[in-house]
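Asks:
Residue numbers (the working numbering): 112 to 165.
1. Would you say residue 139 and residue 120 are within 8 angstroms of each other, going by their C-beta atoms?
2. Alpha carbon to alpha carbon, how far is residue 163 from residue 145?
3. Going by beta-carbon coordinates alone, are residue 132 and residue 156 separated by less than 8 angstroms?
4. Could you give the distance in angstroms between the alpha-carbon of residue 137 and the alpha-carbon of residue 130?
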């Protein structure tokens, strides 16, 4: 019964290319979308993941 009230998320997409090249300190990220949200329910979960690349 509680399962019905949970939001549904897509899988995270692929990581982006690094924002820096040739050994610079850059960032890569990937996103996902909320596919199903119940009315008046706060959506819990991360929509974006980031990682720093050296």
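Don't be surprised by glycine CBs; every beta carbon is placed ideally from N, CA and C.
Replies: Working from what's here:
1. no
2. 25 angstroms
3. no
4. Rounded to the nearest angstrom, the two C-alpha atoms are 5 angstroms apart.
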